[in-house]
Amino acid sequence: MSSYSRAACTALVLIFTLAPATVNAAPAPPVSADAFGDPLPHGVIARLGTLRLRHTCMALAWAPDGQTLASAGWDGTIRIWDAASGKQIRQCRGWMNVNGHALTYLPDGKTLASKGNENTLHVWDAATGREVRTLFPAQLQVGTLAPGAEDGTLLELCTDNTLHVWDLTTGRESSHMELSHGKQQAHVALSADGKRVAGWCVPDDLTVWDAATGKELFHTPTKLTNLVSLTLSRDGKTVAASGSPGQIVIWDAEKGKEQHRYENPGFLQWLTFSPDGENIAGLGGDRAVHLWSLAAGKELRRFEAPASCGSAWWGPGALAFSPDGKTLAASQGSAIHFWTVETGEMLQRFTGHTGAVDDVRFSPDGARIVSCSGKDGMARLWDVGSAKEIASWANTHGSAFSMVAAPDGESVLAATPGGWVRVKLGEDKGKEAFPSGGAPVAVWSANFVLSADGKTLLGTGQDRSIHLWDMETGKERGRLPIPPNPFGMLALSPDGKFLAVGGGNAQARLWDLVTAKEVRSFGEALAPGQYQDTVGLTFSPDGRSLLEVGSGKVTLYEVVTGRERMQIIRPNGPYGRSPNSADGGLARAILSPDGETIAAATSSGTIVLFDSNNGRERTRLTGHTNMVTSMAFVSDGKTLATGDVDGTVLVWDVKEWTAPARAASTELKPDKLAALWESLGDADAGKAYKSITALASSPKASAAYLKGKLTETDARFARWIQDLSSDKLDVREKAEKELAKEEGLAVPALRKALESNPPPESRLLLQALLNRQKDSAKVPVEVRARRALEALERAGSAEAIGVLEDLAKDAPGATVKQEAKAALVRLTRRTAAH
């Protein structure tokens, strides 16, 4: 009995021995809520981080009573939060635009109005989240909103400086006026009471109008070389602007008199007045919110997020005082922060990322997860069982372009402006290591991958080539002169020998990292001007397939030929590319460790599990409310971790779908086995893939049959090629006929024979046979052998393992030997994981 077979039997014995002891044990109750009391979606066993005050938003609006805060996000939703607890109490999802930048409550506190850049105004019932009215302006203009002077009206100010008054009862525009006679405004502002309008246009002209009459109150130059923010006080009596050279300027909005000009280290963006008009707040270039006293003409205090929140950028325009002026809210990355204005104390502190999760990885034992985000510059180590954070690391080396988790499940690599940083979060918590031999070329974008064994790092450098680093020495191993596309994707094969590059204006291509040469391309060549919408590339765990996500579908390619094995498309067409479609555009996909399951995530947050053998959908996991940005399986494939753009990570129990009980195998008859063997040699990779899965489902019969075929192939070709030089005509003709019948399978043997300097007559015959087979419907014999070995590995039975062990020792070809050995290593590793 083989060592592998003994290990498998031992595992079975242990299972049956331990089973009786646990059969009467009470099952642990499923976890129904996270650490903050928020419910977990069905199938989720842990949430790492929190949903509280988490929204990547562009606008904030307080309810008149100050009890709730509304946020308008990039995801096309409006979320309403309880200010005291930070809990989301409602969501408005009818909004079809993904870029919301104007939001206001009406005075009754029961109604919200929003606008994005899809030329539609939306009116919502704040109590139910239902859209009650949709308003359709005549022109697409970015602008701002405020309640009208009369009840039931809404003001819309656009950058062409037209002011529109909407009757919310009828849904019609009741009036509009042109305030600047065609002058396009770079910045506009509308007072909260709807009485004043301000606009600034190039080269430097600030104007204030009366909103009721359209009368110009004054216009003046600001003397700012680069105006970045413009705002009006709530009562419309004061106007403020900020810009270069680091100044805040305050005017009396009625008389046009400049009241103050304050010097500030760096300009302030997104200015907003306190409700009493005495203070003004803005976001500085130092990523802190600054509060200024207008009377004293000095900065009162700075509001900063704690280091544990990372370095995510603050949301544009998302800065708002509560109605009583006691609380200031600001959006940073995917988090919303509250501070007490009087003391600067932060009111809500929650764990977790404040930016999209770039990568997640389980530790080998599955007990811990490391997550990282280049958006907030943080890496975090979590205990899966308790969902608690064990350790964290904050990047202090400038903006992290990207981060990737290491295979050990407790380390990360961050690409920073000065190069990459390796960080250990386990026992040597927060320990940093830079590569030796000087500063490396900085890597950028998301083109940053780590090999499966953690020994090789690849990244796109600022010199527009792909660099390879040895992770043990920290030294650069070499570089590939591949012209990388900024929007392209990289994927490294499990053995670290090949690199797939895809996306942009070219089909995916495979590069040999040893020779630094391109090996082949995948799929059909793109037509001139055609764009390949690739959003993800990943190799299968055995390295035999490449999974490409893009253009609304998932495509599985055969690596050895570059041809399509399978394509997953919904019955009614590709998965929608719009983030707001029912399923959302496909965002990424990965394969389970055993290669049997494809997990694909849509940009709307749905995760779909497919059977990788036939492309059939197994189930859908719903729980994310945003785009899924990262995914990882635990080593046994029974648990899946998924990172969200909101900074949370969900841990799913998926064993019901990734480790289903195998149906009893039906052993194939000889004629069927022969047909499938012929199919393995077909140039149609999809047809061959079906044959692989069919052979794997008949482990006993296929193991014996494939062993015979794999050990006879080389001998047959060698005998026929030798017979081509026979003195007997009938022997030569039979050999030629047999070789021609094999089509492309004989190509390697024919090439080898030509290299051995045969006699002239034999050379002519060999060359003729080779030329005839170049466009054959069959693949070379080595490709068919690889496919047969894949079927044996997929079967994973004792019989199949026995054949692989025999081939690893005595196979006639070096390729078959090496592939058999590699398959046994993977099977041993898979058994250990289970």
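Just so you know, my numbering puts 1312 at position 219 of the sequence shown, and the rest follows in order with no gaps. We treat Cβ as the ideally placed atom computed from N, Cα and C, and that holds for glycine. Quick caveat, the model's predicted, so the values are computed rather than measured.
Start-to-end residues for the beta strand (DSSP E) that takes in residue i
i, result
"residue 1433", "1428-1433"
"residue 1256", "1255-1260"
"residue 1240", "1236-1240"
"residue 1592", "1591-1596"
"residue 1246", "1246-1251"
"residue 1711", "1710-1714"
"residue 1171", "1171-1175"
"residue 1448", "Residue 1448 -> no beta strand (DSSP E), and no H or E assigned at all."
"residue 1316", "Taken as a continuous stretch (DSSP letters only), residue 1316 belongs to no beta strand (DSSP E), as it is neither H nor E."
"residue 1464", "1461-1466"
"residue 1778", "Note, residue 1778: premise wrong, no beta strand (DSSP E); alpha helix (DSSP H) at 1778-1789."
"residue 1140", "1137-1141"
"residue 1569", "1569-1573"
Environment of residue i [buried if 16+ CB atoms lie within 10 Å]
i, result
"residue 1135", "exposed"
"residue 1764", "exposed"
"residue 1944", "Here the chain has residues from 1094 to 1927 only, and residue 1944 is not among them."
"residue 1104", "Since pLDDT at residue 1104 reaches only 32, below the 50 mark, its modelled position is unreliable, and no value is offered."
"residue 1607", "exposed"
"residue 1194", "buried"
"residue 1184", "exposed"
"residue 1278", "buried"
"residue 1699", "buried"
"residue 1379", "exposed"
"residue 1860", "exposed"
"residue 1840", "buried"
"residue 1762", "exposed"
"residue 1916", "buried"
As assigned by DSSP and simplified to three states, the class of residue i
i, result
"residue 1222", "coil"
"residue 1772", "helix"
"residue 1278", "coil"
"residue 1926", "helix"
"residue 1810", "helix"
"residue 1441", "coil"
"residue 1825", "helix"
"residue 1132", "strand"
"residue 1879", "helix"
"residue 1665", "Model confidence at residue 1665 stands at a pLDDT of 45, short of 50, so the residue's coordinates are unreliable; what they give is reported in the following sentence. Of the three classes helix, strand and coil, the one that applies to residue 1665 here is coil, per DSSP."
"residue 1911", "helix"
"residue 1146", "coil"
"residue 1603", "strand"
"residue 1620", "coil"
"residue 1751", "helix"
"residue 1917", "helix"
"residue 1801", "helix"
"residue 1874", "helix"
"residue 1834", "helix"
"residue 1815", "helix"
"residue 1516", "strand"
"residue 1855", "helix"
"residue 1186", "coil"
Bridge partner(s) assigned by DSSP for residue i
i, result
"residue 1627", "1643"
"residue 1289", "1303"
"residue 1683", "1692"
"residue 1375", "1383"
"residue 1312", "1300"
Beta-carbon proximity of residue i to residue j, cut-off 8 Å
i, j, result
"residue 1364", "residue 1322", "yes"
"residue 1146", "residue 1480", "no"
"residue 1354", "residue 1285", "no"
"residue 1266", "residue 1258", "yes"
"residue 1679", "residue 1747", "no"
"residue 1291", "residue 1325", "yes"
"residue 1794", "residue 1766", "yes"
"residue 1601", "residue 1609", "no"
"residue 1300", "residue 1312", "yes"
"residue 1858", "residue 1829", "yes"
Residue i, enclosing alpha helix (DSSP H) - first and last residue
i, result
"residue 1349", "No alpha helix (DSSP H) holds residue 1349; DSSP gives it neither H nor E."
"residue 1895", "1891-1903"
Any non-hydrogen atom of the ligand MN within 7 Å of residue i CB
i, result
"residue 1716", "As far as ligands go, the structure on display features none, and thus does not contain the ligand MN."
Beta carbon proximity, residue i to chain D, threshold 8 Å
i, result
"residue 1612", "No chain D is part of this structure, which consists of one protein chain only."
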